[in-house]
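Reviewing the structure listed below.
There are 2 protein chains.
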Amino acid sequence: MAGTVLTVCTTCRAGRPVEADGDRPGKKLYDALAADLPDGVTIRPVECLSACDNGCSMVLSGGDEKWTYVYGHLTLDHVEDILAGAKAYDATDDGLVPWRERPVIFRKQSLARIPPQETK
Amino acid sequence: MAGTVLTVCTTCRAGRPVEADGDRPGKKLYDALAADLPDGVTIRPVECLSACDNGCSMVLSGGDEKWTYVYGHLTLDHVEDILAGAKAYDATDDGLVPWRERPVIFRKQSLARIPPQETK
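Residue numbers (UniProt numbering), protein chains in the order written: chain A, 1 to 120; chain B, 1 to 120.
Below, the structure is given as structure tokens:
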């Protein structure tokens with residue numbers, strides 16, 4: 001089974017003006033998540049998820065047999081919840097964490113979910 | 001290589017009141033697309049892509065080596081463009097159709113894109 005992957009847009013400006021110096025909000029989010037990953041969860045940066053109107057954004061995926069989720073409007077305040085949600089997702093076979101066990105941000109800030117590649 | 005798949009939310013109401021009789025907008029979109037699929041492109045229904053605020057919605061995917069796209073605000077007026085865009089996507093190795101060759105709806109109505117599962 002493929003491991004769980006957080007794919008984080010590191011070029012996201014979260015709708016703010018470009019700062020000449022300093023990291024973008026997406027890069028800061030990436031760094032904060034990468035610093036405290038649970039076992040079984042990896043992270044990868046990507047330049048643009050084409051979700052700029054709803055940034056910062058992130059994909060939660062775990063291979064062909066799981067649902068994939070796209071989340072938006074993420075900030076550094078959500079790091080703990082994102083990591084807890086990723087850990088719960090990692091423990092499932094299909095990616096479907098019971099609703100009440102999902103962090104609130106995962107219930108409310110989904111931009112889209114994508115079914116497993118093979119329908120069963 | 002996996003074929004190109006259109007995954008269409010058939011339960012989408014597109015923000016309209018429920019009609020007691022008759023198909024939902026998502027189901028109508030699904031049927032219209034299914035009636036005229038190009039070679040190499042298949043379609044599958046799904047109940048909810050969790051993109052309800054931006055429906056009707058659809059996923060364009062083609063296996064682990066291609067970028068996956070989520071599109072929103074789709075209507076029956078877009079059927080021809082969706083099918084042309086899917087055909088162009090099918091002809092690529094990585095899912096990246098040159099910008100100017102993409103239908104306008106694919107340029108402007110992307111909710112998110114997801115990179116191939118394995119970064120190279």
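All C-beta atoms in this analysis are idealised placements derived from N, C-alpha and C, irrespective of residue type, glycine included.
Being a predicted model, the structure only gives us computed values, none of them experimental.
Is the shortest distance between the beta-carbon of residue i and the beta-carbons of chain B less than 8 Å?
i: Arg-70/A; result: Residue identity differs from the one stated: residue 70/A is Val in this sequence, not Arg. By this cut-off, Val-70/A is an interface position.
i: Leu-111/A; result: yes
i: Ala-51/A; result: yes
i: Val-46/A; result: yes
i: Thr-92/A; result: no
i: Thr-75/A; result: no
Closest to residue i by CA distance: which of the options is it?
i: Asp-53/A; options: Tyr-71/A, Ile-43/A, Tyr-30/A; result: Tyr-71/A
i: Gly-15/A; options: Lys-66/A, Cys-56/A, Lys-87/A; result: Cys-56/A
i: Pro-38/B; options: Thr-68/B, Asp-90/B, Pro-116/B, Cys-12/B; result: Asp-90/B
i: Trp-67/B; options: Ala-32/B, Leu-29/B, Ala-112/B; result: Ala-112/B
i: His-73/A; options: Asp-23/A, Asp-36/A, Phe-106/A, Arg-102/A; result: Phe-106/A
Can you name, in chain order, every residue of its own chain whose Cβ lies under 7 Å from the Cβ of residue i, other than the five neighbours on each side?
i: Ala-2/A; result: Gly-62, Gly-63
i: Gln-117/A; result: Asp-64
i: Thr-119/B; result: Confidence is the limiting factor: at Thr-119/B the pLDDT is only 48, short of 50, which leaves the residue's position unreliable, though a coordinate-based value still follows. Within the same chain, Thr-119/B has no close Cβ partners at all.
Report the rounded CA-to-CA distance for residue i versus residue j, giving the unit in angstroms.
i: Asp-77/A; j: Gly-85/A; result: 14 Å
i: Ile-82/B; j: Ser-110/B; result: 12 Å
i: Val-41/B; j: Asp-93/A; result: 28 Å
i: Thr-11/A; j: Pro-25/A; result: 8 Å
i: Pro-17/A; j: Lys-28/A; result: 15 Å
Step through the CB atoms of chain A and report whether any lies within less than 8 Å of the CB of residue i.
i: Ile-82/B; result: no
i: Ile-114/B; result: yes
i: Thr-10/B; result: no
i: Thr-7/B; result: yes
i: Val-97/B; result: no
Report all residues from its chain with a CB closer than 6 Å to the CB of residue i; omit the five preceding and five following residues, and keep chain order.
i: Thr-7/A; result: Arg-44, Val-46, Val-59
Given 8 Å, three or more beta-carbon pairs between the segment 30-50 of chain B and the segment 95-110 of chain B: no
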